[in-house]
Amino acid sequence: MKKLVVLFLSFIFVIMLAGCGSSGPHTETDYPAAIMVEGKIYFLPATPMPAEIDESAIIGYTSSYTDTYPEKDGETNFNRELNMPYARASGGIAVLYENEWFLCTPKDK
30 MKKLVVLFLS FIFVIMLAGC GSSGPHTETD YPAAIMVEGK IYFLPATPMP AEIDESAIIG
90 YTSSYTDTYP EKDGETNFNR ELNMPYARAS GGIAVLYENE WFLCTPKDK
């Protein structure tokens with residue numbers, strides 16, 4: 030009986046240790062969703078903008094993805110899909126993401 034209790038407690042201890050190794054909801058590698066355009070970082074909001082963007086306003090397309098903070102123009106950290114169009118818009122940069130336009134605001138605002 031003692032061996033069974035010791036085995037059970039050992040099992041519980043191992044499970045607890047495995048749980049302690051998780052990084053939790055926030056780690057040093059968490060970055061806000063962002064895009065870099067013309068050397069400036071813009072943050073992606075949680076909700077799409079109500080307006081549509083005319084195709085003639087498009088100034089570029091996403092060209093790369095990073096798991097960290099964007100460091101070059103056209104780079105995002107929120108979608109691995111490339112060639113998402115982006116355009117200048119009042120208040121920031123609009124990005125077509127998941128078939129909806131999102132108004133990304135400058136980092137320093």
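Here the sequence shown stands for residues 30 to 138, where the numbers follow the numbering used here.
For every residue, glycine included, the Cβ atom is placed at its ideal position computed from N, Cα and C.
If you're wondering where the values come from, they're calculated on a predicted model, not measured in any experiment.
Taking the C-beta atoms as reference points, Ala116 is found no nearer than 7 Å to Ile70. Fully enclosed alpha helix (DSSP H) runs of no fewer than 4 residues are not present anywhere in the segment 53-137.
Residue burial is scored here from C-beta neighbours: Gly121 has at least 16 other C-beta atoms within 10 angstroms and is therefore classed as buried. Sequence-distant Cβ neighbours of Ala86 in its own chain, meaning closer than 7 Å and more than five residues away, are Ala116, Arg117. C-alpha of Trp130 to C-alpha of Leu73: approximately 10 Å in a straight line.
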